[in-house]
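Everything on this sheet refers to the single structure shown next.
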Amino acid sequence: MSDFKTLDDLDAKGKTCLVRVDLNVPMTEGKITDTTRIERILPTLHELLEKGAKVVLLAHFGRPNGKVEPKMSLKPVVPALAHALGMPVAFATDSVGPIAREAVAGLVPGEVILLENTRFHPCEEKNNPPHAKDLAQLGDVFINDAFSAAHRAHASTEGLTHYLPSYAGRTMQAELEALSSGLGNPAHPVMAIVGGAKVSSKLELLQNLMTSVDMLVIGGGMANTFLAAKGMDVGNSLCEHDLAETARHIMASAAENKCEIILPVDALAAKAFKAHAEHRVADVNDIQSDEMMLDAGPATIAIVKAKLDTAKTLVWNGPFGAFEMKPFDSATMAIAQHAANLTQKGQLTSVAGGGDTVAALNLAGVRDTFTYVSTAGGAFLEWMEGKPLPGVRALEK
Ligand code: AMP
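Numbering (my numbering), first residue to last: 340 to 736.
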């Protein structure tokens, strides 16, 4: 049983349901280049429509900063949405006011309408109560199916919940249940992998994980900062030398929290930052002044794999190396494949997320084998940082 309200708690028949969805699809020259986000909202929409609800979709597109920006209209999304749903989708050129009210009033049960970009109104992002109230007037209940926007307290994600009975949509529900098995109430031992470029962008993440996981693997460019803080010469590697003290503090607190920190012991070292750059496998104690550590080496891969064999849960954000350039994707690929195998055997619950991580797991071909891969960038990271997400909190029972 979830501790938030879902569609199981709602009798949708005949009700006008305001459904917040993520339609912030990638678009080039007016054409949608990836329809994943549209596909993800279909379960909720089909279910509501089959139950005889009137469905009113609220969504944002881009960052129009509270102004009407024709380039950020949601209208071009309508044909793709209608195609995916297999039925016509109406459109209203405003998300509140008389245009929206009139359009919604014309709906009959089993019909769906998309309202224009909620962020064309400055009050949306300010979460202004009168604005949320105006939105609320359009419907009987509110359903949030946009986890990716749940870290923002906006009128269409949080404000509405103060005026209407509110529920998690099926996609939101799946995301919350998956995340809860990752960090909310995970099976121990839990391993977290944090990689990527910089320690500075992931400080809060490291601090939170240290208190909740048993093993913390630090990879990627950020590992260099930790190695340097331990007195090693990282040569020309990406490194935030000014964060040495912070890194030492993190390692000390981890020890206090009985969280084992695992750092690379070897690397692929190269003199040029480019694909197929000449490189060698080097011990992290043996990096030359003109060399960069661009990926973890084979000994590190073996250690992480062996530790992973002892884990029951994995939470992952950030690659082990500059994975966009071959062969510096090798550690990320090898460890992703190992985690996928363990998941397939039923030994591991694997949850991963964040922009670059999703791209890396796609490259490794394991996106569908992991227990859950979250495409919500900011919201996933804030969840990993242990922050309450306002749009989720508002759905709690
Ligand atoms: P982030 O957005 O913080 O997850 O960082 C991801 C980026 O970190 C990717 O573009 C990687 O190419 C980069 N990265 C990972 N490891 C390294 C490394 N050892 N040296 C330089 N860049 C790296």
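C-beta: ideal position from N, C-alpha, C; glycine also.
Keep in mind that this is a model prediction, so the values were computed, not measured.
Does at least one heavy atom of the ligand AMP sit under 7 Å from the Cβ of M571?
Within the sequence shown, numbered from 1, the residue matching residue 571 stands at position 232. Outside the cutoff, so no.
Looking at the structure shown, is N524 part of a helix, part of a strand, or coil, going by DSSP?
Looking up residue 524 in the sequence shown gives position 185. Coil, per DSSP.
Are there any heavy atoms of the ligand AMP lying less than 7 Å away from the beta-carbon of D668, as far as the coordinates show?
Counting from 1 along the sequence shown, the entry for residue 668 is found at position 329. Answer for D668: no, Cβ out of range of the ligand AMP.
Rounded to whole angstroms, how far is the Cβ of A526 from the Cβ of T652, which I believe are closer than 8 Å?
To locate residue 526, count along the sequence shown from 1; it is residue 187. To locate residue 652, count along the sequence shown from 1; it is residue 313. About 5 Å; that satisfies the 8 Å criterion.
Note down the Cα distance separating L406 from N624, rounded to an integer number of angstroms.
Looking up residue 406 in the sequence shown gives position 67. Looking up residue 624 in the sequence shown gives position 285. For the sequence presented, residue 406 should be read as Lys rather than Leu. Cα-Cα distance, rounded: 55 Å.
Looking only at its own chain, which residues have a Cβ that is under 8 Å from the Cβ of D605, when we skip the five neighbours before and after it?
On the sequence shown, position 266 is the one that residue 605 refers to. Contacts found: V620, A621, D622, V623, A635, G636, P637, A638, T639.
Between G559, Y711, G730, N575, which lies nearest to A718 when the distance is taken from Cα to Cα?
As a working mapping, residue 718 is identified with position 379 in the sequence shown. Ranked by how close their Cα comes to the Cα of A718, the residues G559, Y711, G730, N575 have G730 in first place.
How far does the beta strand (DSSP E) with A606 in it reach, from first residue to last?
In the sequence shown, residue 606 corresponds to position 267, counting from 1. That run of the beta strand (DSSP E) goes 605–609.
In its own chain, which residues sit with a C-beta less than 7 Å from the C-beta of S592, not counting the 5 before and 5 after it?
Within the sequence shown, residue 592 is the residue found at index 253, counting from 1. Only M549 meet the Cβ criterion.
Contact set for F659: own chain, Cβ-Cβ below 7 Å, skip 5 residues either direction
As a first step, residue 659 is located in the sequence shown; it is residue number 320 there, counting from the start. Cβ within range, chain order: G534, G558, G559, D634, A635, A670, T671, I674.
Would you say the segment 700–708 touches the segment 500–508, given that touching needs at least three Cβ pairs under 8 Å?
no
Since Q627 and G574 should fall inside the 8 Å C-beta cutoff, what is the C-beta to C-beta distance between them, to a whole number of angstroms?
For the purposes of this step, residue 627 is taken as the residue at position 288 of the sequence shown. For the purposes of this step, residue 574 is taken as the residue at position 235 of the sequence shown. Going by Cβ atoms, the distance from Q627 to G574 rounds to 6 Å, so yes, they are a contact pair.
Pairing CB atoms from the segment 507–521 with CB atoms from the segment 535–546, are three or more of them under 8 Å?
No contact exists between the segment 507–521 and the segment 535–546.
Cβ of D622 within 7 Å of any heavy atom in the ligand AMP?
Against the sequence shown, residue 622 aligns to sequence position 283. Not under cutoff, so the answer is no.
For D479, which residues of its own chain have a beta-carbon under 6 Å away from its beta-carbon, when the five flanking residues on both sides are left out?
In the sequence shown, the residue the question calls residue 479 occupies position 140. Its chain contains K354, T355 as the residues whose beta carbon lies nearer than 6 Å to that of D479, once the 5 sequence neighbours on both sides are disregarded; these appear in chain order.
Cβ-based burial, F667 [other Cβ within 10 Å; buried from 16]
Taking the first residue of the sequence shown as position 1, residue 667 is located at position 328. The residue in question, F667, is buried, as its Cβ has 16 or more Cβ neighbours within 10 Å.
So, is E463 buried or exposed, given that buried needs 16 or more other C-beta atoms within 10 angstroms?
Residue 463 sits at position 124 when you count from the first residue of the sequence shown. Buried: at least 16 other Cβ atoms inside 10 Å.
Count the other C-beta atoms from every protein chain shown that fall within 10 angstroms of the C-beta of T457, then say buried if there are 16 or more, exposed otherwise.
Here residue 457 refers to the residue found at position 118 when the sequence shown is read from its first residue. So T457 counts as buried.
Does DSSP classify H399 as helix, strand or coil?
By one-based count along the sequence shown, residue 399 stands at place 60. H399 falls in the coil class under three-state DSSP.
Where K613 and G716 are concerned, what is the direct C-alpha to C-alpha distance, given to the nearest angstrom?
The residue labelled residue 613 in the question sits at position 274 within the sequence shown. The residue labelled residue 716 in the question sits at position 377 within the sequence shown. Near 26 Å, if we compare the C-alpha coordinates of G716 and K613.
The beta strand (DSSP E) that contains N483, what's its start and end?
To locate residue 483, count along the sequence shown from 1; it is residue 144. Note, N483: beta strand (DSSP E), 480–483.
Quick one: is K736 buried, meaning 16 or more other Cβ sit within 10 Å of its Cβ, or exposed?
Indexing the sequence shown from 1 puts residue 736 at position 397. Exposed, by the Cβ-count rule.
Going by DSSP, name the residue or residues bridged to D634.
By one-based count along the sequence shown, residue 634 stands at place 295. L607, per the DSSP bridge assignment.
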